[in-house]
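Engineer: Just dropping this structure here.
Residue numbers (this note's numbering): 13 to 167.
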């Protein structure tokens, strides 16, 4: 008795890889958008101290670094560098390192105590990743079912 292979696991793998890649991209996009909204609003983060507000108006940034003066009092939005650095890739969401340090109030190179502004953790709690997971779980099932019907119904 001889058996002949009439199906390709490679085609299934490509289909599944594409579904997973799209799910990760959509999850990252939702997460990034949520962080941007929290930063743009600024109301849910610990407010700036009066000295920080005065320094911003005078054009002083972190550690006295000269920056363009601003009357904007939203935390973490002085120059826009942090918000504009957010990028989504296949591996995750990336931003300037100091964003993570602000989120956790842990600055490795500074003896200055800063307020915790957990915009990363807030956005993770608010991002409806379970909705994305359900959507792509159903797409994975559909891709596998389509492959199985095509390859095994003709046996």
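Glycine residues also receive a C-beta, built at the ideal position from the N, C-alpha and C atoms.
Tell me where the alpha helix (DSSP H) around residue 40 begins and ends.
Structural biologist: Element bounds for residue 40: 21 to 53.
Engineer: Count the other CB atoms within 10 Å of the CB of residue 75; is the residue buried (16 or more) or exposed (fewer)?
Structural biologist: Residue 75 comes out exposed.
Engineer: Can you give me the Cβ contacts of residue 46 inside the same chain, cut-off strictly under 6 Å, excluding the 5 residues immediately before and after it?
Structural biologist: Within the same chain, residue 46 has close Cβ partners 135, 138 and 139.
Engineer: Keeping to the same chain, check which residues put their C-beta closer than 8 Å to that of residue 69; ignore five residues upstream and five downstream.
Structural biologist: The answer, listed in chain order, is 81, 82 and 83.
Engineer: Could you round the C-beta distance between residue 109 and residue 117 to whole angstroms and report it? I think they count as a contact, below 8 Å.
Structural biologist: Not a contact, Cβ separation roughly 14 Å.
Engineer: Determine the extent of the beta strand (DSSP E) in which residue 207 is found, giving its start and end residues.
Structural biologist: As shown, the chain starts at 13 and ends at 167. That puts residue 207 outside it, with no answer to give.
Engineer: How close, in whole Å, do the beta carbons of residue 155 and residue 31 come, if the pair is a contact with beta carbons under 8 Å?
Structural biologist: The pair is a contact, with the Cβ atoms about 6 Å apart (cut-off 8 Å).
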